[in-house]
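Number of protein chains: 2
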Amino acid sequence: MPLRPFYFRYSHMAQPEERFLSAQESDPIKMGWMQGFPPPEDKRLDFADGSFFKFPQLRWSVAHMREFMPTISVSRDPTGFDPLPYRLDDDIDAVSFRPRNSDQSMTWEASLWKNYTDGILVLHRGAIVYERYFGALTPNQQHAAMSMTKSLNGTLGAVLIAEGQLDETKFVADYIPELNDSAFADATVRQVLNMTTALQFSEDYADPNAEIWQFSAAGNPLPKSKNYTGAIGYFAYLKTVKKQGNHGEAFGYKTVNAEVVGWLIARITGRSVAQYLSERVWQKIGMEQDGYYSVDELGTPFAGGGFNAGLRDMARFGELIRNQGQWKGNQILPRRAIEDIEKGGSKTAFSKSGHPELPGWSYRNLWWHTENAHRAFTARGVHGQTIYIDPKAETVIVRFASHPIATNSANDPYSLPAYEAVAEYLLSLS
Amino acid sequence: MPLRPFYFRYSHMAQPEERFLSAQESDPIKMGWMQGFPPPEDKRLDFADGSFFKFPQLRWSVAHMREFMPTISVSRDPTGFDPLPYRLDDDIDAVSFRPRNSDQSMTWEASLWKNYTDGILVLHRGAIVYERYFGALTPNQQHAAMSMTKSLNGTLGAVLIAEGQLDETKFVADYIPELNDSAFADATVRQVLNMTTALQFSEDYADPNAEIWQFSAAGNPLPKSKNYTGAIGYFAYLKTVKKQGNHGEAFGYKTVNAEVVGWLIARITGRSVAQYLSERVWQKIGMEQDGYYSVDELGTPFAGGGFNAGLRDMARFGELIRNQGQWKGNQILPRRAIEDIEKGGSKTAFSKSGHPELPGWSYRNLWWHTENAHRAFTARGVHGQTIYIDPKAETVIVRFASHPIATNSANDPYSLPAYEAVAEYLLSLS
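First to last, the protein sequences are chains V and H.
One rule links them: number in the numbering used here = place in the first sequence (from 1) + 4.
One rule links them: number in the numbering used here = place in the second sequence (from 1) + 4.
Okay, here's the thing in structure tokens:
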């Protein structure tokens, strides 16, 4: 059996010009994935061959990741629960906006279908004003956060810096000597958190020699085949990453930086990112459900993309950040850490990154910054995962989605203006 | 890579005369299993080769099953939680009893160590009078229930019968035509629920040709090797089970009966045992944590042994049964179903089963019946898992454990008399 690359990479290969089934046509419940006892042959989804994460199958899988792979829980406080207040606003559905590069306006409600939304929740001043579930997601299930995982770990990294446990000016290898012969040896903690490292690491999924495939193979939790000679586990893979250029000059979105942040968190706290996220956040703000991480063969959580959580719990996390680490009057995370996230990164470094679709944006502490008039910033994950925090509008929008195209450039034209329009609408109510 | 049999079988091969590390010596945290980032080579536990479930490694793994394999959640109500009242009684530690075949008395507290207890909780009249955690278990983790899983599914089976959805006098194949060519074709639903089927199915782990190995291979969630020709998945395996003798004459403890019950539940309700347990129980009685099931390659929960749950939640389940399906005044499960469980099975059929260490016991609805003066009955799983319900003493005892020897005959001498002694003590307080 050949070693298959790790799951979430497959759908990157989809071409934008392909004609995909619509959100309605690809409804995973109607399509019957994994339904029946046992499910019929043509409705079975397989992890080992990656078919479970092809479109439209992935529409089912994003809400059932645990059923395909080993995972580690991010435990909530089993005896605590803070309900989020409701102040539902039916007028939001009709809020309209102009999609990018379009002459025709679109309603918020229409954008949810256009973007293959699985779950959407809008908090305004801490109250739920909008909440809907689609596809395979229900309120008591978790959904893949994909690369939003990075922002959770960037937050923990900023917390450790604010508390003086981690020095952002030190080299990574000062904390992790195992990385002495890698590209991370002379990268600072800050450079890793801002992804301004210079790495020979291609995430070009069309290139079979791209490093992303070796990374994926190392992190695949299935037993390796006998002739496999690569790294086993995320940490081991990081040792092999080579430098290409000078650190600190340009933003380059490379998942391995987030794995390094995960390793730093583990080395400093003595806890995996799953355990530490539980201790610092998941047990502290009345979460409804445990979150969970996928793990590699050695039980290491996938810090760059393996997190899963409930929709309302992701909204709680977003609200904690919007409130600069406060929850119900208690300072859960240090204010300075969140302020450091809020201030955004270098627009110059970002502009060198080849993201023309995100003009004027920046990146810092593994968060994306729109740098718009509201200073909105976001956690983003492939296939449309979003936490959108608008400080001025006192709004947090969380979306889980299963867009057929992995890259968010496919859904941003119908997402970012929609978020801005709802934020403006909520601001206008104040 | 050879296909490895499924996990929980390994430790069955341990011989009673072996000298094992004591509970204190084998403390999984002190032994450092899977600790470190990454864990050092000699502290890693592996699923594929089964080493994660050898003693003493299994002491860590029983509280971390999800980190090794794909699972499906048994969701609680994320917005509901019923705290269990506390009325702790420090005198319980000193309650003493005479272990079977022993002249020396032992205290309750000493028995916990002797039995490699991971978690123990005693409810008296619905209040927690005793609760302790050992080893790798904490209050916000789940522990493997092993074959206690059967009793949960036997309960759901009894519920379906009481509600008229399942006819205990019908043949299994009346509901599941796929089993027409198997031993289950002419077995009644009642015979399967009481394990009085006559099956050619050996659970002799010392025999490499025993059918249990084929069953285990079929249920192993890892991809099969190319030369594998056996069944894929639990349901497919059941079709291959052959009859040996006459149904209805003797009790024979064979896990495949519980898988048939799982299939019946799924076929009738349109829900897997994980989903149905969530709907009927886990969402109804204020559980603190989701439970979860391990699954086969097709996502089918392992109805005979794959359940995991928190200690307090298993106690809630036990209390629900003790109260004949009532929870806080509401009838959650039909009283008739629980009465059918309480009445026990045929002692004659049981006496033919080769369980001389359990004299006078019976088995019904996948529950074990002591048939003692208090009419105590129990769910039991290998390595010491127990729900012990004593109706007369209004007591429920739940124990998670990781005894080095799989069969409960190794710990029963220090367990059953201890339960009886604590029940008598609590009864004496009334």
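By construction, the Cβ of each residue, glycine as well, lies at the ideal position given by its N, Cα and C atoms.
Keep in mind the model is a prediction, meaning the values are calculated, not measured.
query                                                                                                                        : result
Residue nearest to A166(H) in terms of C-alpha spacing, selected from Y423(H), T304(H) and L337(H)                           : L337(H)
Collapsed DSSP secondary structure at R435(H) in the structure displayed                                                     : A query on residue 435(H) cannot be resolved here, the shown segment of chain H reaching from 5 to 434 and no further.
As assigned by DSSP and simplified to three states, the class of S206(H)                                                     : coil
Which residues DSSP lists as bridging I391(H), in chain order                                                                : A383(H) and V402(H)
Cα-Cα separation, N376(H) to N312(H)                                                                                         : 29 angstroms
Under 9 angstroms (Cβ pairs) to chain V, residues found in the region 208-221 of chain H                                     : none
N-terminal and C-terminal residue of the alpha helix (DSSP H) that F219(V) is part of                                        : E215 to G223
T390(H) at chain V interface by Cβ criterion, 8 angstroms                                                                    : no
C-alpha distance - V402(V) paired with R136(V), whole-angstrom precision                                                     : 11 angstroms
Outcome for A425(V) when other beta-carbon atoms lying within 10 angstroms are tallied against a minimum of 16               : buried
W37(H) - containing beta strand (DSSP E), residue span                                                                       : First-last for W37(H): undefined, no H or E at that position.
Per-residue burial, S434(H) [other beta carbons within 10 Å of its own, 16 or more giving buried]                            : exposed
Sheet register partners of V2(V) (DSSP bridge)                                                                               : Past the edges of chain V, shown from 5 to 434, lies residue 2(V), and the structure says nothing about it.
As assigned by DSSP and simplified to three states, the class of G348(V)                                                     : coil
Nonlocal neighbours in the same chain, by C-beta distance under 6 angstroms from I269(V), ignoring five residues either side : L160, V277 and Y280
Limits of the unbroken beta strand (DSSP E) element including W371(V)                                                        : W371 to H373
CB contact below 8 angstroms: L7(H) versus chain V                                                                           : Low confidence applies here, because L7(H) scores a pLDDT of 39, under 50, leaving its location unreliable; read the following figure in that light. Chain V contact via Cβ: absent.
Local Cβ density within 10 Å of W267(V), reported as buried at 16 or more and exposed below that                             : buried
Collapsed DSSP secondary structure at M17(H) in the structure displayed                                                      : A caution first: M17(H) carries a pLDDT of 47, below 50, which makes its placement in the model unreliable, though a value can still be read off. Reduced to three states, the DSSP call for M17(H) is helix.
Delimiting residues of the beta strand (DSSP E) encompassing S366(H)                                                         : S366 to R368
K34(H) classed as buried or exposed, judged by whether at least 16 other C-beta atoms fall within 10 angstroms               : exposed
Where L88(V) falls: helix, strand or coil (DSSP)                                                                             : coil
Closest residue to F321(V) among H373(V), I393(V), R271(V) and E301(V) (Cα-Cα distance)                                      : I393(V)
Cα-Cα separation, Q248(H) to G290(V)                                                                                         : 55 angstroms
3-residue-minimum beta strand (DSSP E) runs that sit fully inside the region 248-312 of chain V, ordered along the chain     : 295-298
Any chain H beta carbon closer than 8 angstroms to S65(V)                                                                    : no
Per-residue contacts from M38(V) into chain H (C-beta, under 9 angstroms)                                                    : L302 and G303
Below-8 angstroms beta-carbon distance, W365(V) vs any chain H residue                                                       : no
Residues that T83(V) contacts on chain B, provided the C-beta gap is smaller than 7 angstroms                                : Reference to chain B is not applicable here, since the protein chains of this structure are V and H.
Chain V contact for I132(H) (CB, 8 angstroms cutoff)                                                                         : no
Classification of K230(V) by the beta-carbon crowding that lies within 10 angstroms, buried from 16 upward                   : exposed
Cβ-Cβ distance between Q28(H) and W117(H) below 8 angstroms                                                                  : yes
Chain H within 8 angstroms of L226(V), Cβ atoms only                                                                         : yes
Chain H contact for E323(V) (CB, 8 angstroms cutoff)                                                                         : no
Supposed contact pair D122(H) and S406(H) - C-beta distance, whole angstroms, cut 8 angstroms                                : 6 angstroms
The beta strand (DSSP E) enclosing M69(V), as first and last residue numbers                                                 : Counting along the chain, M69(V) falls outside any beta strand (DSSP E), and DSSP gives it neither H nor E.
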